[in-house]
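Asker: One structure, as C-alpha cells, below. Some questions next.
Residue numbers (the numbering used here): 21 to 160.
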C-alpha cells in the first residue's frame, strides 16, 4: 500500500465548529475567577477576533441573557446586557448611523460605562445644592 492508496476526505468546518467559542468561554472563566478572587476586571474585544460563520451566534447562545440590561444614548447608542453569568456583560456601542463600533465582553460587577465619573458626581452635587438653596430661600 502506498500513500496514494490512502483516502483522505476533507470536509469544511460548518457552523458546528466551536473552536473560538470554547477559547472565548475559557478566557471569560479566567477573567471571572480573577473578579471573584480579587475584584480584577477584564475585557474581551470581540471585533478583534476572527469568527467563522455561526460562532458569534453560538457565543451569544452560550452566554445567554441575565436579568439586567441598560441602554445609553450618547454620541451613539450603547447596549449593556448581563449574560446568564453574573459579572459577565455583553456591551455593544453603535455610532450615530447605527453601525457597531465596539462589541465587548466586560467582566466586572458593573460595566465601567455605567459608573458615574467623579466630575459628573461633583457637578450633580452642585446642582442639587443649588436646588436646595433655592428651596430654602423660598421657605423664608
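Positions of the beta carbon are idealized from the N, C-alpha and C atoms, including for glycine.
1. Kindly identify the DSSP beta-bridge partner or partners of residue 104.
2. Helix, strand or coil: how does DSSP classify residue 57 here?
3. Helix or strand or just coil, what does DSSP make of residue 33?
4. In this structure, how does DSSP classify residue 69 when only helix, strand and coil are distinguished?
5. Does the distance from the C-beta atom of residue 86 to that of residue 73 stay below 8 Å?
6. Is the distance from the Cβ of residue 120 to the Cβ of residue 111 below 8 Å?
7. Can you list, in chain order, the residues of its chain with a C-beta nearer than 6 Å to that of residue 62? Leave out the 5 residues immediately preceding and following it.
8. Taking 8 Å as the cut-off, decide whether the C-beta atoms of residue 47 and residue 64 are in contact.
Answerer: Judging by the given coordinates:
1. Translated into the one-based positions of the chain shown, residue 104 becomes position 84. In DSSP, residue 104 forms no bridge with anything.
2. Here residue 57 refers to the residue found at position 37 of the chain shown. Three-state DSSP puts residue 57 in a helix.
3. Within the chain shown, residue 33 is the residue found at index 13, counting from 1. Bear in mind that a pLDDT of 45 at residue 33, under 50, signals an unreliable position, so the model cannot answer this.
4. Taking the first residue of the chain shown as 1, we reach residue 69 at position 49. Of the three classes helix, strand and coil, the one that applies to residue 69 here is coil, per DSSP.
5. The residue given as residue 86 occupies position 66 in the chain shown. The residue given as residue 73 occupies position 53 in the chain shown. For residue 86 and residue 73, no; Cβs fall outside 8 Å.
6. Within the chain shown, numbered from 1, the residue matching residue 120 stands at position 100. Within the chain shown, numbered from 1, the residue matching residue 111 stands at position 91. No, these two residues do not count as a Cβ contact at 8 Å.
7. As a first step, residue 62 must be located in the chain shown, where it is residue number 42. Excluding positions up to five away in sequence, the list reads 51, 127.
8. Numbered from its first residue, the chain shown carries residue 47 at position 27. Numbered from its first residue, the chain shown carries residue 64 at position 44. For residue 47 and residue 64, yes; Cβs fall inside 8 Å.
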